[in-house]
Ligand code: HSE
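Residue numbers (this note's numbering): 26 to 397.
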């Protein structure tokens, strides 16, 4: 059995990864080695009724013994370890959830329901570094990949509604603390039907603007508000998250020469773990909505169509409905007033599953299949 090193398995994405690996019985196919940045020598999690000893994650000699390394430890770890490991002569497969290596020439961004053919080609060509994509990009392509793969998208604007999980576990906790502080600021007044809503609203506004409001992680109020900026500023005025859309989408699709133009604004909202996106798409052809829906449905088993009806949309096309599931529903598909080649669409998907852990879990299977 191949030796698989797992790094960053205790964090949020890593925990989702290991849970999915257990569900899919991936551990039956591998010999796992659990690495740690802080608890070397302690017991690993149990796999098939057995524990092992946690190995130091910066120990290059130990890492060198692995056939495949999967890391969810983050970009700092990748930057610290990856190059030392390669320089030491290691020629195994590096599967990484972090963004550090995503746009390097020697890497593939993996999303096998969309680009399995390219991944397989790259394996044959000797590529050994496989990186999970940005969560909004992966979720957009899981939902609307049928249109992209058929080369029907001339350009698209994706306006995002991104969940707290994309920023990390501490941020998710702080969102709840913010919501709790808002609730406390109103207290029993919410139950008094005599009290005007404007008085309650005033208490909420004072609360989110107060010094005591918990913003150590977000920096600003997210609960009861939103944050229309994610990541650093790029030179052209995009945020980093906005910049990733076009560049990563085209890398995933292998569009080296004829890049699809993509842009939009990325916004953090008070959802927990589902990223949503409202898209305006200019198609290359004036397709019927039914044909568009067929292309989406046929593209992978997880993309689902929600009819453009109020009840179905509110019931099925929300973070509340989709959290914890691999389904990526797409709805609000309709021709826009602008013209027959312009459509709207809305999609939502679990940021920790298809947005982070699932593509790299599946990449492990792809590599194992390739190695035979
Ligand atoms: N940058 C994303 C976010 C994380 O902040 O939501 C997923 O790649």
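C-beta: ideal position from N, C-alpha, C; glycine also.
Note that the structure is predicted; figures quoted are calculated from it, not measured.
Proximity test, residue i beta-carbon vs ligand 1 heavy atom, cut-off 8 Å
i: residue 160; result: yes
i: residue 303; result: no
i: residue 244; result: no
i: residue 64; result: no
i: residue 120; result: no
i: residue 111; result: no
i: residue 293; result: yes
i: residue 40; result: no
i: residue 277; result: no
i: residue 100; result: no
i: residue 263; result: no
i: residue 260; result: no
i: residue 187; result: yes
i: residue 124; result: yes
i: residue 266; result: yes
i: residue 376; result: yes
i: residue 336; result: no
i: residue 289; result: no
i: residue 114; result: no
i: residue 385; result: no
Sequence-distant residues of its chain with Cβ nearer than 8 Å to residue i (five each side left out)
i: residue 231; result: 210
i: residue 137; result: 144, 384, 387, 388, 391
i: residue 174; result: 139, 278, 324
i: residue 360; result: 314, 367, 368
Reduced DSSP category for residue i - H, G, I as helix; E, B as strand; rest coil
i: residue 161; result: helix
i: residue 232; result: helix
i: residue 220; result: coil
i: residue 351; result: coil
i: residue 328; result: strand
i: residue 311; result: coil
i: residue 304; result: strand
i: residue 225; result: helix
i: residue 206; result: helix
i: residue 369; result: strand
i: residue 363; result: coil
i: residue 66; result: coil
i: residue 342; result: coil
i: residue 240; result: coil
i: residue 357; result: strand
i: residue 200; result: helix
i: residue 73; result: coil
i: residue 52; result: helix
i: residue 173; result: helix
i: residue 193; result: coil
i: residue 3; result: Residue 3 lies beyond the stretch modelled for the chain, which goes from 26 to 397, so this question has no answer here.
First through last residue of the alpha helix (DSSP H) which encompasses residue i
i: residue 131; result: Residue 131 -> no alpha helix (DSSP H), and no H or E assigned at all.
i: residue 398; result: Absent from the model: residue 398. The displayed extent of the chain is 26 to 397, so no value can be given.
i: residue 142; result: 137-149
i: residue 385; result: 383-396
i: residue 103; result: 100-112
i: residue 88; result: 85-89
i: residue 39; result: 37-48
Residues near residue i by beta carbon distance below 7 Å, same chain, minus five either side
i: residue 380; result: 160, 163, 164, 300, 374
Opposing strand residues paired with residue i [DSSP bridges]
i: residue 299; result: 375
i: residue 292; result: 186
i: residue 264; result: 258
i: residue 287; result: 181
i: residue 119; result: 94, 154
i: residue 78; result: 68
i: residue 252; result: 293
Residue span of the beta strand (DSSP E) that contains residue i, given as start and end
i: residue 28; result: 27-32
i: residue 56; result: 55-61
i: residue 96; result: 93-96
Close Cβ partners of residue i (< 6 Å) along its chain, the five nearest in sequence each way excluded
i: residue 14; result: Beyond the ends of the chain as shown, which are 26 and 397, falls residue 14; an answer cannot be given.
i: residue 202; result: 239
i: residue 99; result: 123
i: residue 155; result: 120, 133, 135, 388
Any non-hydrogen atom of ligand 2 closer than 8 Å to residue i Cβ
i: residue 131; result: By its list of ligands, the structure shown excludes ligand 2, since it contains just ligand 1.
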